[in-house]
Structures are given as structure tokens and as C-alpha cells.
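Numbering (my numbering), first residue to last: 106 to 334.
Read through the structure below, which is laid out as C-alpha cells, and then see the notes.
Next up, the structure:
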């Protein structure tokens, strides 16, 4: 397990993980791992190369050679994602890619192939890790673990608004069904199911503005931040 300090932010889609993690990375100056994006990149690469999402071994081989890089913009407000030096940030944010990512993430060989790659993001001065199993599997020794949640209805509404603002064509009914299906798959898979770590702080963001969520987490983190420095 790496010696560098790690803060994990886990939870399903639509709870504000991405915004929170960008803020924390900016304020701390630490590295940022968007583990969900890695699975989306893998799904995107598989779809682009006509690899079946049911072919666990081929997906695992692809995961071993996945050349993915995260770059924060100068304003630190956006995370850009590159596959083999090509930016694919927008392409992997579609619901199709998200559903495909959830499907490939269920395979033990795929998760094993990506485990060391994810742990490799932990470098000085520290890491903010965004995902679904960061605190339970990838960084079980993380000093601070946060699990964000929200009601299904609120998560669907947030995701709908986000996709519409990005120019995607989507309906609430279809989006609700897709998110429910993904939640069930993520929560019931035998390998690294979506759940809070026993020592995680769970925050329900349903009735909170993103600024309130950030402030709550920052209050938790700043108690230990001097020790991390």
C-alpha cells in the first residue's frame, strides 16, 4: 500500500463526487484519480475496437495496455481525459458509455488488471481518489474516506440537467431506468460491490447544495490536513 496520503470519495453517479474531488485536488495541490473515468475509457476503447463487452479476457488484456492520462485545466475546473494522446472527455461522458463501463467493471479479471494502475496514481504530495470502491478495495488504508449518496430521484434529475447542458438528447424515463439498472449491477456484483467502507463518513447530498457538501467534507479533512503536509 502506498505511503502517500489518500482521501477517497466514493458513491454512485449524480451525488457530486466529481465536483468535490476537483475542489479538493485544487485546494490541496494533490493528484486526482477519477477511477470511474478509467472504466469509461476502457468501455470506450472496447466499443471502438469492436470488442464484445461479454469477453472478459479480451477486456482484461485491453485494460493492461490502457494508456489513459488525466489533465486538469489551467482553471482547475475541468478534468480532461486522454486515451493514447487523444482527448475523449466528452465521448466517455455519454450514458451509453457509462452503462458499458458498468458492464465491464463487473469482471474480476478487469478489476484486477486495473487495480495496480489505479494505485499507481498515489504519488507525493497525495491523492484524491474518486470512485465506487476506492475506500473499500483500492485504498483500504486511506486516512479519510467519504461516501456520498442521494435519493434516486435527485440523482436522476441532476444527471438529466447535466446531460442536457452538455447537449445530449435524453429523456427522464430512459435515464431513470438506466441509472436504476446500473445501480443494481454495481451494488450486487460479487467483485467490489458499491457500498461504504465500514470507517467511511456517509453524507446524504439530496437536500444539499454542492457548496454545502464541499464545506462538510473540507471540515472533516482540514482536521488532519496539517498531519498530511
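C-beta atoms are modelled at their ideal positions from N, C-alpha and C, and glycine is treated no differently.
All figures in this text were calculated on a predicted structure; none of them were measured in a lab.
With DSSP collapsed to three states, give me the class of residue i.
| i | result |
| --- | --- |
| residue 156 | coil |
| residue 125 | helix |
| residue 209 | helix |
| residue 305 | coil |
| residue 107 | Residue placement at residue 107 is flagged as unreliable, the pLDDT there being 46, under the threshold of 50; the coordinate-derived value follows with that caveat. Reduced to three states, the DSSP call for residue 107 is coil. |
| residue 59 | The shown model of the chain, from 106 to 334, leaves out residue 59, and the question about it has no answer. |
| residue 142 | helix |
In or out: residue i buried (at least 16 other Cβ within 10 Å) or exposed?
| i | result |
| --- | --- |
| residue 239 | buried |
| residue 117 | buried |
| residue 229 | exposed |
| residue 115 | buried |
| residue 148 | buried |
Taking the alpha-carbon of residue i as reference, which of the options has the nearest alpha-carbon?
| i | options | result |
| --- | --- | --- |
| residue 251 | 302, 133 and 215 | 302 |
| residue 280 | 119, 113, 111 and 112 | 119 |
| residue 137 | 274, 278, 184 and 258 | 184 |
| residue 172 | 197, 146 and 277 | 146 |
| residue 214 | 125, 292, 153 and 161 | 161 |
| residue 109 | 282, 225 and 201 | 225 |
I'd like to know whether the C-beta of residue i is nearer than 8 Å to at least one C-beta of chain D.
| i | result |
| --- | --- |
| residue 212 | Structure shown: chain D not included; a single protein chain is present. |
Alpha carbon to alpha carbon, how far is residue j from residue i? Give it in angstroms, no decimals.
| i | j | result |
| --- | --- | --- |
| residue 316 | residue 129 | 12 Å |
| residue 310 | residue 176 | 27 Å |
| residue 107 | residue 165 | Model confidence at residue 107 stands at a pLDDT of 46, short of 50, so the residue's coordinates are unreliable and nothing is read from them. |
| residue 284 | residue 243 | 24 Å |
| residue 219 | residue 169 | 7 Å |
| residue 112 | residue 304 | 13 Å |
List the endpoints of the continuous alpha helix (DSSP H) containing residue i.
| i | result |
| --- | --- |
| residue 216 | 213–224 |
| residue 288 | 277–293 |
| residue 177 | Note, residue 177: premise wrong, no alpha helix (DSSP H); beta strand (DSSP E) at 173–177. |
Going by DSSP, what residue range makes up the beta strand (DSSP E) through residue i?
| i | result |
| --- | --- |
| residue 318 | No beta strand (DSSP E) contains residue 318, which is instead part of the alpha helix (DSSP H) from 315–326. |
Shorter than 7 Å, the distance from the beta carbon of residue i to the closest heavy atom of the ligand COA, or not?
| i | result |
| --- | --- |
| residue 281 | The ligand content of the structure shown is nil, which means the ligand COA is not present either. |
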